[in-house]
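J.: This is the structure I want to talk about, given as structure tokens.
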Amino acid sequence: MALPERFSNLPDYAFPRLRALLSGIEPGLKDGEIPMVLTIGEPKHAMPDYVGPVLNQSLAEYGKYPPNDGTPELLAAISAWLKRRYGVDIPTSRITSLNGSREGLFNAALALCPEQKNGQAPAILIPNPFYQVYAVAAAAVGAEQVFVPATVETHHLPNFTGLPADVLNRTAIAYLCSPANPQGAIAGRDYLRDLIQLAETHDFLIFADECYSEIYRDEPAPGALEVAADMGLGDRVVVFNSLSKRSSLPGLRSGFVVASEKNTRAIRQLRSYTGAPVPLPNQRVSERAWADEDYVIGNRELYQQKYQIADRIFGNVPGYRPIEGGFFLWLPVDDGEEAAKKLWAQAGIQVLPGAYLSRDVNGHNPGKGYIRVAMVADAEQTEAALQRLRAVIYDDGDGEG
1 MALPERFSNL PDYAFPRLRA LLSGIEPGLK DGEIPMVLTI GEPKHAMPDY VGPVLNQSLA
61 EYGKYPPNDG TPELLAAISA WLKRRYGVDI PTSRITSLNG SREGLFNAAL ALCPEQKNGQ
121 APAILIPNPF YQVYAVAAAA VGAEQVFVPA TVETHHLPNF TGLPADVLNR TAIAYLCSPA
181 NPQGAIAGRD YLRDLIQLAE THDFLIFADE CYSEIYRDEP APGALEVAAD MGLGDRVVVF
241 NSLSKRSSLP GLRSGFVVAS EKNTRAIRQL RSYTGAPVPL PNQRVSERAW ADEDYVIGNR
301 ELYQQKYQIA DRIFGNVPGY RPIEGGFFLW LPVDDGEEAA KKLWAQAGIQ VLPGAYLSRD
361 VNGHNPGKGY IRVAMVADAE QTEAALQRLR AVIYDDGDGE G
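Below is the structure:
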């Protein structure tokens with residue numbers, strides 16, 4: 001059965017596209033080398049050591065239906081973390097547990113996007129390149145998808161303030177990821193302040209995807225909640241986060257969304273019908289993880305080591321931009337698909353063509369000249385893979401270097 005027409009312009013998801021691109025190509029490996037898959041943002045660092053014991057202690061709770069919105073203990077742990085991290089007091093009535101942040105990024109659009117805005121179909125603003133669930137959510141609610149370039153000229157953040165007033169006046173939601181996937185750029189306080197004021201002026205919501213918030217180079221990434229609270233405009237932001245990156249627990253499928261009281265009621269009402277609540281033992285682990293900063297500090301130091309490795313290997317490559325946050329390299333190449341095929345054929349390394357994370361707008365795809373590289377393995381494996389990548393793409397005269 002075909003997808004409904006509103007989904008007809010969705011390309012295949014990035015990873016099936018990559019499998020098709022590399023189909024029939026044998027990985028080129030020298031003696032002792034192993035294939036390296038640097039495509040998926042799946043942390044490989046050891047998980048916190050309390051995960052197993054907490055699960056064991058609460059195994060019997062798999063026999064119970066979990067609370068849809070989150071246990072009181074979990075919501076309290078998230079609220080306490082928000083206070084420590086951002087200095088904001090968020091009551092648990094404004095927090096909802098999620099089965100991973102992706103679920104919330106999709107379902108919140110269903111709950112909060114109006115059918116019309118100022119008598120017209122609503123618009124949803126999406127950075128380009130972007131995390132692909134944003135576009136699917138926009139399609140699901142029948143909104144116009146407005147792709148806003150996030151390129152080197154805009155410091156790899158979307159210039160929402162430069163959009164025409166007629167677009168902004170029918171905008172219902174603007175998605176923003178900071179630290180950004182895939183470019184690793186961080187939205188500073190001034191950027192967030194300008195965006196929140198824009199949302200207030202034109203009456204739209206900001207969906208702030210902050211799942212990489214605890215992985216950064218120097219200074220913590222500012223949060224939309226703290227900036228909005230300082231402006232007295234906290235109702236303008238809907239913030240998403242998870243334990244996947246912060247605590248190296250992508251398989252736990254545990255995150256949260258914070259919204260205004262009114263918007264939280266709408267999100268919770270929809271989830272009571274359609275949501276998949278986090279199992280109780282997973283919520284017990286989540287309670288511990290949101291309270292645990294020691295693991296997060298050590299985890300961040302491991303990523304910072306890999307930032308230094310990448311800087312050393314690619315620092316003299318024209319167009320290389322050091323990561324500010326997150327764990328993806330956004331490396332300039334002549335053509336992302338050709339680079340991906342070449343890396344697999346000559347070095348046994350899989351990377352993701354940047355065009356698979358972007359959309360063509362007016363005949364231009366801002367990701368075409370990039371590859372995304374996930375630095376999720378340990379430092380030794382990462383360095384070996386990046387050295388092989390450099391040798392194939394930048395040291396043979398075919399790349400940008």
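Under the UniProt record's numbering, the first residue of the sequence shown carries the number 1, and numbering increases by one thereafter.
All residues carry an ideal CB built from backbone N, CA and C; glycine is no exception.
Suppose the cutoff is 7 angstroms on Cβ atoms and the five residues either side in sequence are ignored; what does the same chain contact list for Trp290 look like?
T.: Indexing the sequence shown from 1 puts residue 290 at position 290. Counting only Cβ-Cβ distances below 7 angstroms, and skipping sequence neighbours, we find Ala77, Ile78 and Trp81.
J.: Could you name the residues of the same chain whose beta carbon sits closer than 7 angstroms to that of Arg102, not counting the 5 residues immediately before and after it, in chain order?
T.: Along the sequence shown, one-based indexing puts residue 102 at 102. Result list for Arg102: Val133, in chain order.
J.: In whole angstroms, what separates the C-alpha of Phe207 from that of Glu26?
T.: Numbered from its first residue, the sequence shown carries residue 207 at position 207. Numbered from its first residue, the sequence shown carries residue 26 at position 26. Each residue's Cα considered, the two are about 41 angstroms apart.
J.: Quick one: Cα of Asp218 to Cα of Ile349, how far?
T.: Sequence index remark: in the sequence shown, residue 218 carries index 218 (1-based). Sequence index remark: in the sequence shown, residue 349 carries index 349 (1-based). Cα to Cα, Asp218 sits roughly 29 angstroms from Ile349.
J.: Since Leu389 and Ala345 should fall inside the 8 angstroms C-beta cutoff, what is the C-beta to C-beta distance between them, to a whole number of angstroms?
T.: The residue labelled residue 389 in the question sits at position 389 within the sequence shown. The residue labelled residue 345 in the question sits at position 345 within the sequence shown. Rounded, the Cβ-Cβ distance is 13 angstroms, inconsistent with contact.
J.: Below 8 angstroms, can you find three or more Cβ-Cβ pairs linking the region 33 to 51 to the region 236 to 249?
T.: They touch, by the three-pair rule.
J.: Which value, in whole angstroms, describes the spacing of the CA atoms of Asp378 and Tyr191?
T.: Position 378 of the sequence shown, counted from the first residue, corresponds to residue 378. Position 191 of the sequence shown, counted from the first residue, corresponds to residue 191. Near 33 angstroms, if we compare the C-alpha coordinates of Tyr191 and Asp378.
J.: Can you give the Cα-Cα distance for Glu337 and Ala229, rounded to whole angstroms?
T.: The residue labelled residue 337 in the question sits at position 337 within the sequence shown. The residue labelled residue 229 in the question sits at position 229 within the sequence shown. Near 43 angstroms, if we compare the C-alpha coordinates of Ala229 and Glu337.
J.: Please say whether Ala174 and Val141 have beta carbons closer to each other than 8 angstroms?
T.: Position 141 of the sequence shown holds residue 141. Position 174 of the sequence shown holds residue 174. Against a cut-off of 8 angstroms, the Cβ pair of Ala174 and Val141 comes out as no contact.
J.: On the DSSP letters alone, give me the boundaries of the beta strand (DSSP E) that Glu144 sits inside.
T.: Position 144 of the sequence shown holds residue 144. Note, Glu144: beta strand (DSSP E), Glu144 to Pro149.
J.: Between the alpha carbons of Ser286 and Ser254, how many angstroms are there, rounded?
T.: Counted from its first residue, the sequence shown places residue 286 at position 286. Counted from its first residue, the sequence shown places residue 254 at position 254. Cα to Cα, the separation comes out at about 7 angstroms.
J.: Taking 8 angstroms as the threshold (C-beta atoms), are Phe147 and Arg359 in contact?
T.: Counting from 1 along the sequence shown, the entry for residue 359 is found at position 359. Counting from 1 along the sequence shown, the entry for residue 147 is found at position 147. Closer than 8 angstroms, so yes.
J.: Using DSSP bridges, identify the partner residues of Arg372.
T.: Within the sequence shown, residue 372 is the residue found at index 372, counting from 1. DSSP, once it has assigned bridges, lists Trp330 and Leu352 as partnering Arg372.
J.: Looking only at C-alpha atoms, which of Arg94, Pro114 and Arg19 sits nearest to Gly234?
T.: Taking the sequence shown and counting its residues from 1, one reaches residue 234 at position 234. The shortest Cα separation from Gly234 among Arg94, Pro114 and Arg19 belongs to Arg94.
J.: So within the region 181 to 256, which uninterrupted beta strand (DSSP E) runs reach at least 3 residues, ignoring any that extend past its ends?
T.: 205 to 209 and 237 to 242, all fully within the region 181 to 256.
J.: Less than 8 angstroms between the beta carbons of Glu210 and Arg236, yes or no?
T.: Residue 210 sits at position 210 when you count from the first residue of the sequence shown. Residue 236 sits at position 236 when you count from the first residue of the sequence shown. Cβ atoms of Glu210 and Arg236: not closer than 8 angstroms.
J.: Roughly how many whole angstroms lie between the Cα atoms of Leu22 and Pro353?
T.: As a first step, residue 22 must be located in the sequence shown, where it is residue number 22. As a first step, residue 353 must be located in the sequence shown, where it is residue number 353. Approximately 11 angstroms, taken between the alpha carbons.
J.: Compute the Euclidean distance between the alpha carbons of Ala20 and Val351, then round it to the nearest angstrom.
T.: Along the sequence shown, one-based indexing puts residue 20 at 20. Along the sequence shown, one-based indexing puts residue 351 at 351. Computed Cα separation, rounded: 13 angstroms.
J.: What number of angstroms, rounded off, separates the C-alpha of Arg268 from the C-alpha of Asn68?
T.: Translated into positions along the sequence shown, residue 268 becomes position 268. Translated into positions along the sequence shown, residue 68 becomes position 68. Going from the Cα of Arg268 to the Cα of Asn68 covers about 8 angstroms.
J.: Determine the extent of the beta strand (DSSP E) in which Ser272 is found, giving its start and end residues.
T.: Here residue 272 refers to the residue found at position 272 of the sequence shown. Per DSSP, Ser272 belongs to no beta strand (DSSP E); it is in the alpha helix (DSSP H), Glu261 to Thr274.
J.: Is it buried or exposed, Asn118, if we count other Cβ atoms within 10 angstroms and call 16 or more buried?
T.: Locating residue 118 in the sequence shown gives position 118, where the first residue counts as 1. So Asn118 counts as exposed.
J.: Using 8 angstroms as the threshold, is the C-beta distance between Ala123 and Glu144 below it?
T.: As a working mapping, residue 123 is identified with position 123 in the sequence shown. As a working mapping, residue 144 is identified with position 144 in the sequence shown. Yes; because the gap between Cβ atoms is below 8 angstroms, this pair is in contact.
J.: Please classify Tyr58: does DSSP put it in a helix, a strand, or coil?
T.: One-based indexing of the sequence shown puts residue 58 at position 58. The amino acid at residue 58 is misidentified as Tyr; the sequence shows Ser. Note: Ser58 maps to coil in three-state DSSP.
J.: DSSP state of Lys30, grouped into three classes?
T.: Your numbering for residue 30 matches position 30 in the sequence shown. Coil.
J.: Taking 6 angstroms as the limit between beta carbons, can you name the residues of its chain near Ala138, skipping five residues before and five after?
T.: Within the sequence shown, residue 138 is the residue found at index 138, counting from 1. Ile124 and Gln145, listed in sequence order.
J.: Tell me whether the beta-carbon of Ile393 lies closer than 8 angstroms to the beta-carbon of Leu343.
T.: Position 393 of the sequence shown, counted from the start, is the residue given in the question as residue 393. Position 343 of the sequence shown, counted from the start, is the residue given in the question as residue 343. Result yes, Cβ atoms of Ile393 and Leu343 sit closer than 8 angstroms.
J.: Inspect the beta-carbon positions of Val257 and Leu38 and report whether they are closer than 8 angstroms.
T.: Here the question's residue 257 lines up with position 257 in the sequence shown. Here the question's residue 38 lines up with position 38 in the sequence shown. Not a contact, by the Cβ cut-off of 8 angstroms.
J.: Under three-state DSSP, which class holds Pro127?
T.: Taking the first residue of the sequence shown as position 1, residue 127 is located at position 127. The answer is strand: DSSP assigns Pro127 an E or B state.
J.: Per DSSP, Ile173 is paired with what?
T.: As a first step, residue 173 must be located in the sequence shown, where it is residue number 173. DSSP lists Ile124 and Leu205 as partners of Ile173.
J.: Taking the beta strand (DSSP E) that Ser97 falls in, what are its first and last residues?
T.: Numbered from its first residue, the sequence shown carries residue 97 at position 97. Taken as a continuous stretch (DSSP letters only), the beta strand (DSSP E) holding Ser97 covers Ile95 to Leu98.
J.: Using three-state DSSP, classify Gly298 as helix, strand or coil.
T.: Within the sequence shown, numbered from 1, the residue matching residue 298 stands at position 298. Note: Gly298 maps to helix in three-state DSSP.
J.: Determine whether the beta carbon atoms of Gly63 and Glu226 lie at a separation below 8 angstroms.
T.: As a working mapping, residue 63 is identified with position 63 in the sequence shown. As a working mapping, residue 226 is identified with position 226 in the sequence shown. No; because the gap between Cβ atoms is not below 8 angstroms, this pair is not in contact.
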